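Numbering (the numbering used here), first residue to last: 4 to 254.
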């Protein structure tokens, strides 16, 4: 199971803590970092047992689970920019009066009303989530959709891809297999997305690449490596420094 599948299949409790427990390790749902059980990990003159070290990793690497989740694209969170900003202030423990003064929005009762709206959104989300869980037991015709990568951009119908469709597209454009050479770069958005997702799998999650290294990897996949690099950035699979000196796989 990939880290994306783990993230989207995790329970609310697992998402809240930011990691899942497996037989021999703990895995961070936010970036895929794996901490082996039974090992003592040193950090800045302190020693941590595995689960404690995982919790510290989330704090060091991501700030908090809340910070990571609220930083996701609005189409993944369902929040407006205004709601996102208010939730950040609520999470900081600020009172309605402090938030009203800081934002200049209406009155204190206005902020309280926003809290009520968000609470309604929570109740709706819980109801919907429960119905979808119950539906799994009855809907025998539901296709298996490919998990959406958390750094996705331009989220629309192009991400409506079933596992069967993905397999067909990969076979069409990578006749030698997904680790082989790209036959041609597709024009259709859905096919383009699948191809880019496969190409991104050639990159290591924790590694930084200089431009020469990145070009070397992409050129082994397709002649127009500059185009591949541009689309990988555009679709949110990789990021880079503004001067192009370093590239890395986005988490």
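Where is the CB? At the ideal position from N, CA and C, for every residue including glycine.
None of the values given here were measured: they were computed from a predicted structure.
If you draw a 10 Å sphere on the C-beta of residue 155, you find 16 or more other C-beta atoms in it, and that means buried. Remark: C-beta atoms of residue 172 and residue 194 approach each other more closely than 8 Å.
If you look at residue 143, you'll find it isn't in any alpha helix (DSSP H); DSSP assigns it neither H nor E. One thing to note: residue 30 has its Cβ within 8 Å of the Cβ of residue 37. The DSSP-derived three-state label of residue 152 is coil. In terms of Cα proximity to residue 186, the closest of 217, 212, 225, 216 is 225. A straight line joining the alpha-carbon of residue 54 with that of residue 127 spans about 33 Å. Note on residue 132: under 16 other CB atoms within 10 angstroms of its CB, so exposed under the neighbour-count rule. By DSSP's assignment, residue 50 forms a beta bridge with 45.
Following the DSSP letters along the chain, one finds residue 201 inside the alpha helix (DSSP H) bounded by residues 192-203.
Contact check between the segment 41-53 and the segment 10-19: fewer than three CB pairs, one atom from each, fall below 8 Å, which does not count as touching. With respect to residue 254, residue 33 sits close: the two C-beta atoms are nearer than 8 Å. For the pair residue 35 and residue 142, the Cα-to-Cα distance works out to about 31 Å. In this structure, 242 is the residue among 106, 242, 56, 197 with its C-alpha nearest to the C-alpha of residue 212.
DSSP places residue 179 in the coil class of the three-state scheme, outside both helix and strand.
Per the C-alpha coordinates, the member of 237, 227, 210, 230 positioned closest to residue 249 is 210. The count of Cβ pairs closer than 8 Å, one atom from the segment 174-189 and one from the segment 95-113, stays below three, leaving the stretches out of contact. The secondary-structure analysis by DSSP pairs residue 165 across a beta bridge with 148. Close CB contacts of residue 148 within its chain, under the 8 Å cut and outside five residues either way in sequence, are with 163, 164, 165, 166 (chain order).
Collapsing the DSSP output to three states places residue 245 in coil. At least 8 Å separates the beta-carbon of residue 223 from that of residue 252. In the three-state reduction of the DSSP assignment, residue 127 falls in the helix class, which pools H, G and I. In the assembly as shown, residue 119 is an exposed residue. Its beta-carbon has fewer than 16 other beta-carbons within 10 Å. Taking 8 Å as the upper bound for CB-CB distance, residue 78 and residue 158 are in contact here, some 4 Å apart. Straight-line measurement puts the Cα of residue 110 at about 45 Å from the Cα of residue 24. For residue 110, no beta strand (DSSP E) run applies, since DSSP gives it neither H nor E.
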